[in-house]
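Residue numbers (full-length UniProt numbering), protein chains in the order written: chain A, 1 to 431; chain B, 1 to 263. We put the CB at the ideal spot given by N, CA and C, even for glycine. In this text the structure is predicted, and so the values were computed from the model without any measurement.
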């Protein structure tokens, strides 16, 4: 008895770890736990199953009976003979128009296709940083290659564009280390100097008889236009957004004020307004004889728009970092650009990934808004020439809009999956 | 706060204080808004001194050492660190920061970099040391703080004590001439305090000039050559540790010591 009442206790052996009870697995157990745990959830399961059955029993025959080879909706109806089925022929017959628009010269379709393939190669080392860093050289060259492939014309144009960027990089590298402002402004001046001189050197009419036939921006269209706008605007708006977010944190009142006003203004205005400004009014802001390309104007507006959103997302990431990170970087003697580049931004951007991806996905889908300023992107093509403008396909709504939705879904889902992979890959807190 | 027994014999013979001045603070004042947080601080630290700054919370002791590497700005008076006066000139500030190492209460390791990268980052970017040499140096100091085998892990995978020792190694990789410690053991479990203090003792034995804000009075007694007591933003009393603990002069000091050594 005395032993039982004693408070003293000494463990005589350590308890070995043991596996959990074995009855935690098995299909039947899973079903019972997740689908039929009580009568309410059993009922819900049955109702859900019925709904899935109803949807599939309508949708599957529609897809499986689909007609792929006719040349008009009336033909489709004849082939179907009253059966319930889709008329996918519109996709096969208008495939090139859906992808490239209706004005892009059809013998030149290989050019945007090649640019697309190159794009996959160019963004690979940016997205997957385990790939060899040397591939980045191609990424640097890609914008100019793609520009030449898609628009064609004289090869001098992309070369001048490249030389301007190279001059800017050179000037910034030479002066930016000691004096950031001097290097930054010098870089912009150098770039414009090269561009202006270069443009003057290109003779008028150099586009005629060029090796690649020149295609004006008005002739671009289809899903290609959405991809071009999406890729360009997303990749430009992220660096601009970072700069705006850092500017908003700046101690210098002028820079801070400019960034705040810009962000608040752009966020307070609908994108569609900005697009109308781009198509109608923006030319008032350029010199009278400057004929700035509509595509460039749209890119400027969409980039500014999404940069403001990206800036706010990144500001959230910056605010989430503990103050100690700034102090540790400072106390080691890192200067501001080093501290930002090596310590603060890698962590802030990591926190901001979901938000940035959200903006990127939103922007990519918003590229369809250019159809209202009469650019013929995928939506513009479907609304205009295919559904409205042709007697053959008037009335094939489900197939066309379904196809458009599918294309956008594939790209957006891909972006979303990539961002989740990136978050896992960058997680260093727990292993 | 318990007094932590430091078991091993401490070699005071190498802890020589030279006549050379490392830090000179004269007539320094600092305000947070209208709150006068540091009041007329005058302090001279010679090379090789080990100074412990103690005092109740809110007395300005952390603020004082954070002024020494310009993490906080002072508004009045003069601070000369290692021969360079601290002004608002960014060049001077960066120079001083690269000569003065600092350890924080919450370690502030960079969570996105491995231990080794944490240690090599500043030497590579600030001191322009070649990567290989920086890594060798980092491994040398990681061995010194006894965690070379963790070099390729991330900070989040280490215990608090290990993280603080990495933070010390990270500072040492910059070959600082002065080390500042801002409550380096306050966020640690008792078991881990000892390993960090041991590392700090080793540093002291090598003749490093150290300023420590700490509540570890055992450490102060055995390692420091001077204890500074601060209250309400001013230096109330400073003395050699023996005298400071056994024969405190001001009433405020007596009260503080009776509170922290009382149980």
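Is residue 50 of chain A helix, strand or coil by DSSP?
Correct three-state label for residue 50 of chain A: helix.
With 7 angstroms as the C-beta to C-beta threshold (strictly closer), list the residues of the stretch 107-122 of chain B near chain A in chain order.
Interface annotation for the stretch 107-122 of chain B against chain A: 108, 110, 111, 112, 121 and 122, criterion Cβ-Cβ distance under 7 angstroms.
So the alpha helix (DSSP H) residue 94 of chain B belongs to, where does it begin and stop?
Residues 90-99.
Quick test of the definition: if touching needs 3 or more C-beta pairs under 8 angstroms, does the stretch 299-314 of chain A touch the stretch 344-353 of chain A?
The stretch 299-314 of chain A, when compared against the stretch 344-353 of chain A, does touch it at the 8 angstroms Cβ threshold.
Are the C-beta atoms of residue 420 of chain A and some chain B residue less than 7 angstroms apart?
No - not a single Cβ of chain B is within 7 angstroms of the one on residue 420 of chain A.
Beta-carbon neighbours of residue 211 of chain B, restricted to chain A and to distances below 7 angstroms
Chain A residues near residue 211 of chain B: none, gap ~13 angstroms exceeds 7 angstroms.
Per DSSP, the bridge partner or partners of residue 231 of chain B
Per the DSSP secondary-structure output, residue 231 of chain B pairs in a beta bridge with B:234.
CA-to-CA distance, residue 241 of chain B to residue 256 of chain B, given in whole angstroms
If you take the alpha carbons of residue 256 of chain B and residue 241 of chain B, they lie about 15 angstroms apart.
DSSP state of residue 104 of chain A mapped onto helix, strand, coil:
Looking at residue 104 of chain A - three-state DSSP - the assignment turns out to be coil, as it is neither helix nor strand.
Grouping DSSP H, G and I as helix and E and B as strand, with all else coil, what is residue 303 of chain A?
Residue 303 of chain A falls in the helix class under three-state DSSP.
Taking 8 angstroms as the cut-off, does the stretch 291-301 of chain A touch the stretch 227-238 of chain A (at least 3 CB pairs, one atom from each stretch)?
With the rule of 3 Cβ pairs closer than 8 angstroms, the stretch 227-238 of chain A counts as touching the stretch 291-301 of chain A.
Please report the straight-line C-alpha distance between residue 214 of chain B and residue 244 of chain B, rounded to a whole angstrom.
Their backbone Cα atoms lie some 15 angstroms apart in a straight line.
By how many angstroms is the C-alpha of residue 85 of chain A removed from the C-alpha of residue 61 of chain A?
Between the alpha carbons of residue 61 of chain A and residue 85 of chain A lies a distance of about 7 angstroms.
Quick check: the Cα distance between residue 197 of chain B and residue 170 of chain B, rounded to an integer number of angstroms?
A direct Cα-Cα distance of roughly 16 angstroms separates residue 197 of chain B from residue 170 of chain B.
Report the option in B:24, B:91, B:210 and B:32 whose CA atom is closest to the CA atom of residue 41 of chain B.
Selected option, being the one with the closest Cα: B:24.
Note down, in chain order, all residues in the stretch 315-334 of chain A with a beta-carbon under 7 angstroms from any beta-carbon belonging to chain B.
For the stretch 315-334 of chain A, residues whose beta-carbon sits nearer than 7 angstroms to a beta-carbon of chain B comprise 324, 325, 327, 328, 330, 331, 332, 333 and 334.
Euclidean distance between Cα positions of residue 276 of chain A and residue 373 of chain A
Taking the straight line from one Cα to the other gives about 7 angstroms.
Can you give me the C-alpha to C-alpha distance between residue 293 of chain B and residue 190 of chain B, rounded to a whole angstrom?
A query on residue 293 of chain B cannot be resolved here, the shown segment of chain B reaching from 1 to 263 and no further.
Could you pull out every residue in the same chain whose Cβ sits closer than 7 angstroms to the Cβ of residue 227 of chain B, ignoring the five residues on either side in sequence?
For residue 227 of chain B, where only same-chain residues beyond five positions count, the Cβ hits under 7 angstroms are 52, 54, 220, 238, 239, 241 and 244.
What does residue 342 of chain A reach in chain B if we use C-beta pairs closer than 7 angstroms?
Going along chain B in sequence order, the residues near residue 342 of chain A (Cβ under 7 angstroms) are 121 and 125.
Could you tell me the boundaries of the beta strand (DSSP E) in which residue 44 of chain B lies?
Per DSSP, the unbroken beta strand (DSSP E) holding residue 44 of chain B starts and ends at 35-46.
CB contact below 7 angstroms: residue 92 of chain B versus chain A:
Residue 92 of chain B does not count as touching chain A.
Per-residue burial, residue 30 of chain B [other beta carbons within 10 Å of its own, 16 or more giving buried]:
Classification of residue 30 of chain B: buried, given that the 10 Å Cβ count is 16 or more.
Proximal chain A residues relative to residue 97 of chain B, where beta-carbon distance stays under 8 angstroms
Ordered by position in chain A, the residues that pass the 8 angstroms Cβ test against residue 97 of chain B are 330, 331, 332 and 333.
Return yes when the C-beta of residue 154 of chain B is under 6 angstroms from any heavy atom of the ligand FAD, and no when it is not.
The ligand FAD is not among the ligands present in this structure, which contains no ligands whatsoever.
Counting only beta-carbon separations shorter than 7 angstroms, does residue 71 of chain B have a partner in chain A?
For residue 71 of chain B, the nearest beta carbon of chain A is closer than 7 angstroms to its own beta carbon.
Whole angstroms is fine: what's the gap from residue 247 of chain B's alpha carbon to residue 162 of chain B's?
Rounded to the nearest angstrom, the two C-alpha atoms are 36 angstroms apart.
Outcome for residue 15 of chain A when other beta-carbon atoms lying within 10 angstroms are tallied against a minimum of 16:
Residue 15 of chain A comes out exposed.
Buried or exposed: residue 413 of chain A, going by 16 or more other Cβ atoms within 10 Å of its Cβ?
Counting Cβ neighbours within 10 Å, residue 413 of chain A comes out exposed, since fewer than 16 surround it.
Assigned secondary structure, residue 209 of chain B (DSSP; H/G/I helix, E/B strand, else coil):
DSSP places residue 209 of chain B in strand when its eight states are reduced to three.
From the DSSP output, read off the bridge partner residues of residue 212 of chain A.
Paired residues: A:153.
Let me make sure I understand the geometry here. Which of A:164, A:245 and A:380 has the alpha-carbon closest to that of residue 102 of chain A?
Nearest option by C-alpha distance: A:380.
Who are the Cβ neighbours of residue 3 of chain B in its own chain at under 6 angstroms, not counting the five residues just before and after it?
Its pLDDT being 48, under 50, residue 3 of chain B is placed unreliably in this model, and the coordinates cannot settle the point.
Mind listing, in chain order, the continuous alpha helix (DSSP H) runs of no fewer than 4 residues lying wholly within the stretch 5-84 of chain A?
Runs of the alpha helix (DSSP H) inside the stretch 5-84 of chain A: 27-34, 39-64 and 73-80.
For the beta strand (DSSP E) containing residue 77 of chain B, list its first residue and its last residue.
Residue 77 of chain B -> beta strand (DSSP E) spans 76-81.
Any beta-carbon of chain A closer than 7 angstroms to the one on residue 102 of chain B?
Proximity of residue 102 of chain B to chain A, defined by a Cβ-Cβ separation below 7 angstroms, is satisfied.
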